[in-house]
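The block underneath contains the structure these notes are about, expressed in structure tokens.
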Amino acid sequence: MTAAASSSPRAKSSVDPAEVARFAAMSEAWWDPHGQFRPLHRLNPVRLRFIRDRMCRRFGRDSERSRPLSGLKLLDIGCGGGLIAEPMTRLGADVVGIDAAERNIGTARLHAEESGLTIDYRHATAEDLASAGEAFDIVLALEIVEHVADLGVFLAAASALVKPGGALVLATLNRTAKAFVLAIAGAEYVLGWLPRGTHDWRKFVRPSELERNLRRHGLTTTEISGVCYRLLTDDWTLCRDVSVNYMALAERS
Amino acid sequence: MTANVVAMSERNSSDKGDTHATGDPIAPGGRIAGDAVIVGGGLVGLSLGHALARSGLDAIVVDREAPATRTDAGYDGRSSAIAYGSRCVLAGLGLWEHLAEHACPILDIRVSDGQSKLFLHYDHRQVGDEPLGHIIENTAIRRALSQQTGAARGLDGGRLVHIAPAEVRGLERRSGRVEAVLADGCRISASLAIAADGRQSPIRVGAGIGATEWAYQQTGIVCTVAHDRPHRNVAHERFLPAGPFALLPMTRLADHPQRSSIVWTERAALAPAMMKLDDAAFSAEMTRRFGDYLGPLRVIGRRWAYPLALLHAERYVAARLALVGDAAHAIHPIAGQGLNLGLRDVAALAEVIVDAHRLGLDIGNALVLERYERWRRFDSTALIAVTDALNRLFSTGAAPVRLARDLGLAVVDRLPPLKRLLMRHAMGVVGDLPRLVRGERL
């Protein structure tokens, strides 16, 4: 553990060295662009651009300036190793990252310290924060809703965390035959991009279901954009086809 | 050692999060931090520093040479053919306005083969209104880069820190950062290191990146000549058995209203004897090779001799390291493309770095570097192959080869579409171009 880590306010607890070693190994895995999280690294630029551009528009910022999201409170639900939380911090946001898996939090903290970034990582759920009455300008739930046990309960909590004037950004998979073929048969079985069993098609979410749920909690869905893979350039881009991967933007007035 | 720190703007400098003191020389054993550390303050390294600083990044350039050495008239006698795309890059960096008065437009290129009457004639009007390129003395570009480093300008909290003279001993990688260790023990910490340290590139060697390298048995003799008749903005390239002999039009000076830059490729064995000739005999040798369209050529000022060699790095990137310019590829000067290739590296690398920076990504991450390598490798490889093939084709006196190439030149001359494509290639405006090369904002 580095000197920076021991001086960090968040690493005060008596840390088990074996745990730290495990976090370090996990952190390397999370942050290796050619490792098991490669698909997330490839998806990251298009997702970051979506979030940055929509939030700059919402909050009247210039996306070509340094730290355009300065002063905005941002919550990353299901932050994993911090692949989104770190860039959002560099863009100036005050970031809270939460994950239901405790080891992800240890991993993310270690990496943020190594990167010299201050990020408030907590082992908590959206429901925990919502019942504590916390609220944020920007709430992110990327690749989360297709994994939660109860979509309605989750979206109620996520919506409650959005301040008036704030926004919720979601990224998920549509429940279509094409999504089954590409995201499960293709990505998990043929290409091996994802471990088998990563996704359960029955939990995929239709845009209309998101929209209906969010409206119930006072959020207006203002954009649904597809995210498509381009074979030629081996990258992802926004597209009109929302039948597999898509991102949604919902705003509270 | 002095550190010349330029705040690219007064705005936002406090919200960068860095607390290191700049403006003072770094104390021995001290440490500073930035976004990118660029090793080498030549044409390519400083251009990249300008590009990054203007886009809001902290760029630290470490140069072995003192700035005054780099800009001294005796340091570099070469002139560069600045292709249209390179001019856009220099304009995008705010440098062209300071270079325009030193830039001589090329409106025509005449390629001829030895004594043969057949020649290829490129007229800029075949591809539009823009000149095919401009000839500028390297010293003028070095001065503009250096002067603009001393002028506070630019955008959004970006800074260009110029540390010179100082030697980088090596790079150390640690937890998401790379540190350049200087000879006096100072450390410069950054997310990404860039080797712009020339053909021999100690940084490339230190990173264990191999290079394919071979020496041509040729020397490039470079000088400036005065002549009586006007050059009419025509560049000439004559293919002689020893290699190409080029005459490039230059801007007028009060005491030399007509002058041109000479790049004379000579057999390595013969070059030292040529270099030893007195001015009159040396001038006569040039006139004998070039002919007398412009009247006798008279050498003015110094002569330089550069051994010609080709070098291509096996990779352009490693962990938290990217190679640019001659550190990545040094090509035969036959087509005058070396600096143009380097400036296209600058435009592409600056673009991938700035794009990543604006998304909040770690600018030294492997995916950023892979994008740069994929983008640049094809262009450089193609140019290396073409310049090498041209040199081999034209540096021979064998009769069948000579006949074939003469016919080739004549054929190209009679096929306007092919000629336009070749011209647009030479202008550096073909392919998937970086924004700066297209004349757009970074």
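Chains as they are written, first to last, in the working numbering: chain A, 4 to 256; chain B, 63 to 504.
No residue lacks a Cβ here, since even glycine has one placed at the ideal position from N, Cα and C.
The beta carbons of B:Ala412 and B:Leu504 sit closer together than 8 Å. DSSP places B:Leu310 within a strand segment (E or B) once states are collapsed to three.
Cβ-Cβ distances below 7 Å link B:Gly111 to Ile100, Ala121, Val123 and Leu222 in the same chain, with the five nearest sequence neighbours on each side left out; the list follows chain order.
At least one CB atom of chain B sits nearer than 8 Å to the CB of A:Met91. Taking the Cα positions, A:Leu158 is about 33 Å away from A:Glu117. With a cut-off of 8 Å on Cβ pairs, the region 427 to 437 of chain B is in contact with the region 18 to 38 of chain A, counting three or more such pairs.
Against chain A, the CB of B:Asn427 has a partner CB under 8 Å away; the residue lies at that interface. Annotation: the continuous beta strand (DSSP E) that includes B:Ser142 extends over Ser141 to Ala145. For A:Lys166, the uninterrupted beta strand (DSSP E) segment begins and ends at Val165 to Leu176. In the DSSP assignment, A:Asp97 falls within the unbroken beta strand (DSSP E) covering Asp97 to Asp102. Among the residues of chain A, those whose CB is under 9 Å from the CB of B:Leu423 are Asn47, Pro48, Leu51, Glu89, Pro90 and Arg93, following chain order. Going by DSSP, B:Leu405 is part of the alpha helix (DSSP H) stretching over Gly400 to Arg420.
Within chain B, the residues Asn427, Ala428 and Leu429 have their CB atoms less than 7 Å from the CB of A:Pro36, given in chain order. Around the beta carbon of A:Val156, fewer than 16 other beta carbons lie within 10 angstroms, which makes this residue exposed. Pairing A:Thr225 with A:Leu43, the inter-Cα distance amounts to about 25 Å. The Cβ atoms of B:Pro311 and B:Ile171 lie no closer than 8 Å to each other. A straight-line Cα-Cα distance of about 23 Å links B:Ser253 and B:Pro227. Around B:Glu299, the same chain offers Val173, Pro306 and Ala308 as residues with beta carbons nearer than 6 Å, after the five sequence neighbours per side are excluded. At a cut-off of 8 Å, the C-beta of A:Glu117 has a neighbouring C-beta in chain B.
Here DSSP, grouped into helix, strand and coil, assigns B:Asp185 to strand. With fewer than 16 other beta carbons inside 10 angstroms of its own, B:Pro292 counts as exposed. Per DSSP, the unbroken alpha helix (DSSP H) holding B:Trp158 starts and ends at Trp158 to Leu161. The alpha carbon of A:Arg41 has as its nearest neighbour, out of A:Thr92, A:Trp196 and A:Glu254, the alpha carbon of A:Trp196.
Against A:Ser66, the close residues of chain B are Arg420, in the order they occur along the chain (beta-carbon pairs closer than 9 Å).
Rounded to the nearest whole angstrom, the CA to CA distance from B:Glu229 to B:Asp125 is 7 Å. Residues of the region 108 to 123 of chain B whose Cβ lies closer than 7 Å to any Cβ of chain A, in chain order: Gly118.
Against A:His44, the close residues of chain B are Leu429, in the order they occur along the chain (beta-carbon pairs closer than 7 Å). Taking the Cβ atoms as the reference, A:Leu46 lies roughly 10 Å from A:Ile87, outside the contact range of under 8 Å. In this structure, DSSP gives B:Arg172 an extended state, which the three-state scheme calls strand.
In the structure shown, A:Leu158 adopts helical secondary structure according to DSSP, grouped into three states. According to the DSSP assignment, B:Gln320 belongs to no beta strand (DSSP E), since it is labelled neither H nor E. Those residues of the region 217 to 246 of chain B placed with their C-beta closer than 7 Å to a C-beta in chain A are Asp218, Gly219, Ser237 and Gly238, ordered along the chain. Contact annotation: B:Val499 and B:Arg406 have beta-carbon atoms nearer than 8 Å. A:Asn107 and A:Phe62 have their C-alpha atoms roughly 30 Å apart. If you check the CB distance, B:Arg116 and B:Asn200 do not come in under 8 Å.
When rounded, the separation of the alpha-carbon atoms in A:Thr128 and A:Ile101 is 7 Å.
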